[in-house]
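Here the sequence shown is numbered in my numbering, starting from 4 and rising by one per residue.
Glycine is no exception: its CB is placed at the ideal position from the N, C-alpha and C atoms.
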Amino acid sequence: AGLSDATPCATLNKVCGSGMKALMLGHDMIAAGSAETVVAGGMESMSNAPYLLDKARAGQRLGHGRMLDHMFLDGLEDAYDRGRLMGTFAEDTAQHYRFTREAQDAYALESLARAKRATADGAFADEIVAVGEAKSDEGPRKARPEKIPTLKPAFRPDGTVTAANASSISDGAAALVLMRRSQAERG
């Protein structure tokens, strides 16, 4: 991108909300006058999340060692209530606000239809850049809409959140260049 090694940068981890948080911080930096131009983005590569060998660095002793899933350890489970998955908070939210399974499935189906329409219409053709062999979002292409209402709840036996109406385990990235309109118009 032509940025020097002296270009200020920061990394944050808010799991699924990292990109949005980066955008908010970029906005705030411009509003406060501490930056004129900000590149804000987010990325996640869940398929590359490693398994961790607990206490292996010091050497395993007698007995069974533990293997930890980094995807859970660093985001999908509560840091303060180990073992409590993010999806259980989605279930709590659905119950509190009375989001039904049917409403969540309808939202998932509409979101899928919009994604497929946008792809077919080329709505994002100028904004999506191929990375390696990946040229488009695999999720909508692989989805089977007719299966969505038949999936079992993922987090509670009587729950409403399923693999189809929740965020998928996937990889992706996005970035935006932020600046004041007046600066953009100057070129």
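Within 10 Å of its beta-carbon, does residue i have 16 or more other beta-carbons around it, so buried, or fewer, so exposed?
i	result
Gly29	buried
Thr204	This structure leaves residue 204 out entirely; the chain is present only between 4 and 190.
Gln107	buried
Thr163	buried
Val134	exposed
Thr1	The requested residue 1 is not part of the displayed model; the chain covers only 4 to 190.
Glu113	exposed
Glu39	exposed
Consult DSSP for residue i and reduce its assignment to one of helix, strand or coil.
i	result
Val132	coil
Glu39	coil
Leu6	coil
Asp108	helix
Ala34	helix
Val164	coil
Ser48	strand
Of the choices the options, whose alpha-carbon is the least far from that of residue i?
i	options	result
Gly142	Arg117, Glu188, Gly162, Ser173	Ser173
Ala177	Tyr100, Phe127, Ala157, Glu188	Phe127
His67	Met74, Leu56, Leu76, Asp77	Leu56
Thr273	Ala116, Lys58, Val42, Gly5	No answer is possible for residue 273: the residues shown for the chain start at 4 and end at 190.
Glu47	Ala61, Lys58, Asp77, Ala59	Asp77
Between the C-alpha atoms of residue i and residue j, what's the straight-line distance to the nearest angstrom?
i	j	result
Ala111	Asn168	5 Å
Gly90	Arg144	24 Å
Ser170	Met70	25 Å
Lys24	Lys17	7 Å
Met32	Glu130	25 Å
Beta strand (DSSP E) containing residue i: first to last residue?
i	result
Asp72	69 to 72
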